Structure formats: structure tokens, C-alpha cells
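Novice: Just so we're aligned, residue 12 is where the sequence shown starts under this note's numbering, counting upward by one.
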Amino acid sequence: MTDSAVTPPASGQSNPRPIPVREDCWSEEATGTLIDAWGSRYVELNRGNLRQKDWREVADAVNSLHGHSKKTHRTDVQCKNRIDTVKKKYKTEKARISASNGALTSSWIFYDRLDSLIGPSLSAKKPSPSPPISPPVALPLPYKKMPSPALAAAALPQKRPAERADDSYFRRNYSEVAAAAAASVEVDDEDDEDLEEDRESEEEDGEGMKKLAKAIERFGEVYQRVEGEKLRQTMDLEKQRMQFAKDLEVQRLKMFMDTQVQLERIKHKRSASNGTRCSDKVSLSISYSRTKNEPIRQLWVHSLIVFID
């Protein structure tokens, strides 16, 4: 009679209530193909997170076998969500089996496959489960303190079946609490990993922006130096051109003056050869002024020829 009273809780423990999982109309064949495609890339990346390019390749592998219609065609986002759902279900099954100390086994067809992929990583980074599940252990204590020692000793043979039933009840609750706690711990670990990846990507973007800003600043400095050099060369060329024009104008004036003097001398010699004495006084007044770098020339050549009888 005592064993029959304890048997129902044990049967209830072996068949726990299934946790609802969002399936998104995934068949077992498509899920198996997805796990195989994801698992191969997961191992290639040393059990690291897949990037968007990898998820696209996984989706292509699934669609090549099962995406023959619009309803069964999967995107990279749907494949990632399906893997997250499968991983959560695996963690729940793993926690339930661990809490039973190996007494239970999973009937889920993908459990062994996922256990070979993510089982080692979970066992390596999973913290000790003793802190979150220590409070349920203290629940049976009030039942031991309430009766006096004499009454407890007298009632011990009669209360033993009830205590066994209570122990099985608390053991079952202990398993459920342990499974829920382990699943929540694993979800928190995944969230921490996602936050760390986002932080690393933001740091990489920040470094890229800094490098781009430095490159733009360096290009601006080089451009400024080149433009300054071009302006300086242009000013030097303009100064040389103005000096050359000035020297050329002075030479032209000198040649013009020499020509006028020679002409006057020739005229004077012709007059002297005709028998007339003359005295030539040539007064040359040259005024040369410059205003705004443009020469203004004034030339007066006055010839006074005085004939002496």
C-alpha cells in the first residue's frame, strides 16, 4: 500500500508537462537539415556565433532541400529564430535530465545531435547550480520542527508514508525549479554574449570612423599646402613678368632717345657743310614717372640752332 501511494508522483515525474515551443510550421526534416547546416558552420567558427553571411548560407542549404514552395521557403532570420528556439528547448531538456541525476532521458530526436554540438560549451561556461536551487531545499524544515520529540517518536511509523509522499513532491518541485533556473541562467549567458558582440561591433565602427576622420584631416593638410605653393608660384611669376615689362620699356625709351640725337647731329652736319656756321644747343628734358606700375613717359626734345653771321 505504501509503494502504491508513492508510485503516482514518480509517474508524474517521468512525464512532465511539455513546455510550449513556437514551431513556425517547421517539419522535423527541415529542422534536421537546419541543425546540420548550422552545426557544421558552428564548429568551423570554433563554436562562435554565425554572422549574417553564414546564416544566408544556412538558409540556402535548407531551401535547396525543403524550400520548394513559398510557404516552406526560409529566410536567414527565420533560420536564426528556429535555432534559438531549438537551443532553448535543448537547454530545458538538459537541465531536466541533470536535475534527475541521470534517472531521466530525453525522447526528443534532436537532443543527442545538439548535445554533441553545444553540450561541451554549456558545461564549460555553466556556473554552479547550487546558489539558485538552494532555497527549495529548506522547504521541508518546518515539518520537522513543529512536533515535540516525544510525539514525533511515537508517530514515526504512521507518518513515514506521508513523509515519503512529501519528499517525492518536493523532489519533483525541486527538479522543475532547477530546470527553470538552469534555463534562465543559459538565456542570461546568451544575452550577455549578444551584448558583448554588439559592444565589440560598436568599438570597431568607432575605430573606423576615427581612422576616416584622420585620413580626411591629412588630405586637407596636403591640399592646403599644395594650394599655398601654387599661389606663391603664381605671385612670383607675376612679379617677374612686371619686372621684365619695366626693363623692356626702359630699353625702348633709351633706343628712341639715341635715335633722336643721331638725327639732330646729321642735320647739323648738313647745315655746316653748306657754309653756314651754326652753334647747336640741344636741350633734352626727360621726365619719367611711374604710377601703379605703368610707366608714363614724357619726352621733350628741343633743338635750338643759332646761326651766327
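Heads up, the beta-carbon is just placed ideally off N, CA and C, and yes, glycines get one too. Just so you know, these numbers come straight off a predicted model, no measurement behind them.
Check the C-beta distance from residue 44 over to residue 88 and give it rounded, since I have them as a contact under 8 Å.
Specialist: With a Cβ gap of about 17 Å, residue 44 and residue 88 do not count as contacting.
Novice: What are the start and end residues of the alpha helix (DSSP H) that includes residue 49?
Specialist: Residues 39 to 55.
Novice: Distance, Cα to Cα, residue 221 vs residue 53?
Specialist: Using only the alpha carbons, I get a separation of about 33 Å.
Novice: Which stretch, first to last residue, makes up the alpha helix (DSSP H) that contains residue 77?
Specialist: Per DSSP, residue 77 belongs to the alpha helix (DSSP H) from 63 to 77.
Novice: Could you give the DSSP three-state label for residue 245: helix, strand or coil?
Specialist: Helix.
Novice: Let me confirm a value: residue 104 is counted as buried when at least 16 other C-beta atoms fall within 10 Å, else exposed. Which label applies?
Specialist: It counts as buried.
Novice: Is it right to say residue 234 is buried, meaning 16 or more other beta carbons lie within 10 angstroms of its own, or is it exposed?
Specialist: Result: exposed.
Novice: Rounded to whole angstroms, how far is the Cβ of residue 227 from the Cβ of residue 125, which I believe are closer than 8 Å?
Specialist: No, residue 227 and residue 125 are not in contact; Cβ-Cβ is about 49 Å, not under 8 Å.
Novice: Which first and last residues belong to the alpha helix (DSSP H) in which residue 99 is found?
Specialist: Where residue 99 is concerned, the enclosing alpha helix (DSSP H) stretches over 87 to 110.
Novice: Look at the alpha carbon of residue 242 and the alpha carbon of residue 231, and state the distance between them as a whole number of angstroms.
Specialist: Their Cα atoms are separated by approximately 16 Å.
Novice: Could you give the DSSP three-state label for residue 291: helix, strand or coil?
Specialist: With a pLDDT of only 45 at residue 291, under 50, the local geometry of the prediction cannot be trusted, and the value read off the model is given with reservation. If DSSP states are grouped into helix, strand and coil, residue 291 belongs with the strands.
Novice: For residue 231, which of helix, strand or coil comes out of DSSP?
Specialist: It is helical.
Novice: Would you call the segment 116 to 124 and the segment 63 to 73 in contact, with 3 or more CB pairs under 8 Å?
Specialist: Touching, no.
Novice: From the DSSP output, in three-state form, read off residue 265 for me.
Specialist: Reduced to three states, the DSSP call for residue 265 is helix.
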